[in-house]
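Each residue of the sequence shown is one higher than the one before, starting from 210 at the first, in the numbering used here. Everything on this sheet refers to the single structure shown next.
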Amino acid sequence: MTISQGTPLTTASLFSGIAGIELGLTAAGVSHTTWFCERWEPARAVLRDRFPEVEVKDDVTSLDDFGGASLVTAGFPCTDLSQAGRTSGLDGVNSGLVIGVLEKVAGHRPDWVLLENVPNMLHLGRGAAMGRIIDNFEAAGYTWAYRVVDSRFTGLAQRRRRVFLLASRVQDPARILLGEDSGSAPSPDVARAFGFSWTEGNRGVGWAVGATPTLKGGTTVRVASPPAVWLPQKEVGWQIVRPSIEAAEVLQGFSPGWTALAPERDRWKLMGNAVSVPVARWLGERLAQREGLTEPMEGGVLLVDGDRWPTAAYGTPDGRRWRVEVSDFPRLPRTEDLQELGSLLARHGSEPLSLRATKGFRDRLLRSNLRYEGAFMAALDAHVDHMSSGRTTS
Numbered sequence: 210m211t212i213s214q215g216t217p218l219t220t221a222s223l224f225s226g227i228a229g230i231e232l233g234l235t236a237a238g239v240s241h242t243t244w245f246c247e248r249w250e251p252a253r254a255v256l257r258d259r260f261p262e263v264e265v266k267d268d269v270t271s272l273d274d275f276g277g278a279s280l281v282t283a284g285f286p287c288t289d290l291s292q293a294g295r296t297s298g299l300d301g302v303n304s305g306l307v308i309g310v311l312e313k314v315a316g317h318r319p320d321w322v323l324l325e326n327v328p329n330m331l332h333l334g335r336g337a338a339m340g341r342i343i344d345n346f347e348a349a350g351y352t353w354a355y356r357v358v359d360s361r362f363t364g365l366a367q368r369r370r371r372v373f374l375l376a377s378r379v380q381d382p383a384r385i386l387l388g389e390d391s392g393s394a395p396s397p398d399v400a401r402a403f404g405f406s407w408t409e410g411n412r413g414v415g416w417a418v419g420a421t422p423t424l425k426g427g428t429t430v431r432v433a434s435p436p437a438v439w440l441p442q443k444e445v446g447w448q449i450v451r452p453s454i455e456a457a458e459v460l461q462g463f464s465p466g467w468t469a470l471a472p473e474r475d476r477w478k479l480m481g482n483a484v485s486v487p488v489a490r491w492l493g494e495r496l497a498q499r500e501g502l503t504e505p506m507e508g509g510v511l512l513v514d515g516d517r518w519p520t521a522a523y524g525t526p527d528g529r530r531w532r533v534e535v536s537d538f539p540r541l542p543r544t545e546d547l548q549e550l551g552s553l554l555a556r557h558g559s560e561p562l563s564l565r566a567t568k569g570f571r572d573r574l575l576r577s578n579l580r581y582e583g584a585f586m587a588a589l590d591a592h593v594d595h596m597s598s599g600r601t602t603s
């Protein structure tokens with residue numbers, strides 16, 4: 210259901226990727242995208258194909274202004290912020306591009322700014338990156354709020370935690386971003402599928418019940434590393450699988466084939482970098498109700514210098530900042546929105562995990578001190594034996 214109040218916000222989209230934020234905001238009736246800005250050609254090709262009427266700019270550093278947009282969105286690069294990345298923080302050449310954006314925000318003062326990135330930015334260098342971003346917003350006169358959310362709250366069968374920061378010079382955004390909370394994660398009634406990260410096995414498994422772990426672009430540049438799924442009810446050979454790229458698109462809330470113009474290896478990176486569309490739609494629905502969400506945020510614990518960044522907080526231009534105790538799950542998903550992972554793979558495709566990938570993961574897991582179900586190890590053994598024999602099933 211689309212919830213809309215007033216004229217949609219004119220939106221300038223930076224670091225657009227494949228437009229996950231903009232698709233969600235538009236579906237909520239709150240946004241009209243005036244232009245995209247994206248430098249990576251595979252993503253630009255998708256944008257030109259899917260939004261032929263919208264200009265695609267190519268260099269965020271060359272922008273003079275935001276064209277009068279009332280909302281600026283920026284799912285800026287996580288390369289230097291993620292645990293799997295270079296961890297250079299905002300001193301890194303990619304993630305640091307957001308500082309130039311914030312300087313333009315201070316100069317041109319759009320009504321609203323929406324940022325998205327990985328939760329590790331709250332911890333890396335004792336939260337230096339988040340502190341620098343918030344300092345910039347406060348110096349520019351913006352009130353702000355941020356929250357870590359898990360995409361599963363929308364019904365997606367993907368465990369994906371991301372930070373969303375909403376800042377405004379016209380309204381306190383705390384009630385919009387923090388005013389809903391389910392308090393707990395949804396749990397599948399019957400788990401028929403279990404996701405795991407086959408690239409792990411030494412210090413973790415990435416285990417997810419009824420979901421995949423976070424989709425990632427790859428272990429190295431342009432090397433796809435989609436998660437794996439254990440389907441206990443399937444026949445040997447199809448119990449340990451990896452999703453197709455079309456299944457991955459659906460796990461992010463896009464339509465299957467959304468990135469079809471790009472090479473497959475680039476498509477995995479595009480999906481790993483994307484913002485989950487239903488999460489952006491939830492944000493859009495909250496923004497659409499902004500006229501009725503103007504009451505001050507109640508509660509919270511005042512943060513003092515030296516405190517670590519919590520998973521949710523808000524603050525004012527005078528430097529006062531509060532911790533808020535909310536979960537990663539603003540809402541519980543509606544029944545009709547729930548993805549059942551096994552059914553999703555059956556509909557949109559999967560393939561057996563390769564012998565090399567399965568054996569490598571299994572052997573690392575055997576050498577580790579990690580706990581795992583005996584049935585899971587038995588399934589890995591059976592898959593290795595099956596793939597070693599060269600047998601195939603349909």
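All C-beta atoms in this analysis are idealised placements derived from N, C-alpha and C, irrespective of residue type, glycine included.
Distance between T567 and T428 (C-alpha atoms, nearest Å): Since pLDDT at T428 reaches only 49, below the 50 mark, its modelled position is unreliable, and the value read off the structure follows with that caveat. Using only the alpha carbons, I get a separation of about 16 Å.
Candidates I449, D537, A483 and W353: closest to E231 by CA position: Across the set I449, D537, A483 and W353, the C-alpha of A483 shows the shortest separation from the C-alpha of E231.
Uninterrupted beta strand (DSSP E) stretches inside the stretch 444 to 508 (no shorter than 3 residues): Complete beta strand (DSSP E) runs here, min 3: 449 to 452.
Start-end ranges of the beta strand (DSSP E) lying completely within the stretch 368 to 436, minimum 3 residues: Counting whole runs of 3 or more residues, the stretch 368 to 436 contains the beta strand (DSSP E) stretches 370 to 377 and 403 to 405.
Status (buried if at least 16 other CB within 10 Å, exposed otherwise) for D611: This structure cannot settle anything about residue 611, because the visible part of the chain is limited to 210 through 603.
Beta carbon of L479 nearer than 8 Å to that of V255: Closer than 8 Å, so yes.
One or two residues paired with K266 in a DSSP bridge: C246
CB of L502 within 8 Å of CB of V239, strictly: no
Proximal residues to H332 (C-beta, below 8 Å), its chain only, five neighbours per side dropped: R517 and W518
Which of helix, strand or coil DSSP assigns to T567: Note: T567 maps to helix in three-state DSSP.
D590 in three-state terms, based on DSSP: helix
Three-way DSSP call (helix, strand, coil) for H332 in this model: coil
Whether G524 touches W407 by CB criterion (8 Å): no
Helix, strand or coil at T235 [DSSP, three-state]: Judged by DSSP in its simplified three-state form, T235 adopts helix.
Nearest candidate by alpha-carbon position, reference E266, set G415, R565 and E247: Residue 266 is actually Lys in this sequence, not Glu. When only C-alpha atoms are compared, the closest one is E247.
Cβ-Cβ distance between P395 and S559 below 8 Å: no
Best match in T216, L218, P487 and H592 for proximity to L440 [C-alpha to C-alpha]: That would be H592, whose Cα lies nearest to the Cα of L440.
At least three beta-carbon pairs within less than 8 Å, the stretch 567 to 577 to the stretch 400 to 417: yes
Cut-off 7 Å between Cβ atoms - residues of its own chain near V488, not counting five sequence neighbours on either side: G233, V358, S360 and T363
Bounding residues of the beta strand (DSSP E) (the contiguous stretch that carries R532): R530 to R532
Within 8 Å, strictly: CB atoms of A400 and V418: yes
The alpha helix (DSSP H) enclosing A349, as first and last residue numbers: Per DSSP, A349 belongs to no alpha helix (DSSP H) and is neither H nor E.
For P319, the three-state DSSP class (helix, strand or coil): The answer is coil: DSSP assigns P319 none of H, G, I, E or B.
Whole-angstrom distance between V510 and L387, CA atom to CA atom: Going from the Cα of L387 to the Cα of V510 covers about 14 Å.
Close Cβ partners of F275 (< 6 Å) along its chain, the five nearest in sequence each way excluded: A221, V281, H317 and P319
Neighbourhood of V430 by C-beta distance below 7 Å, restricted to the same chain and skipping five residues each side: Because V430 carries a pLDDT of 48, less than 50, the predicted location of this residue cannot be relied on, and no value is offered for it.
Inter-stretch contact (C-beta, 8 Å, three-pair minimum) for the stretch 444 to 459 and the stretch 470 to 478: yes
Simplified DSSP state of A338, which is helix, strand or coil: helix
Whole-angstrom C-beta distance between P436 and G404, which should lie under 8 Å: 5 Å
Top-ranked residue by Cα proximity to L218, from C287, A237, L547 and Q442: A237
Where the alpha helix (DSSP H) containing A555 begins and where it ends: L550 to H557
Rounded straight-line distance, which links the Cα of D594 to that of R369: 32 Å
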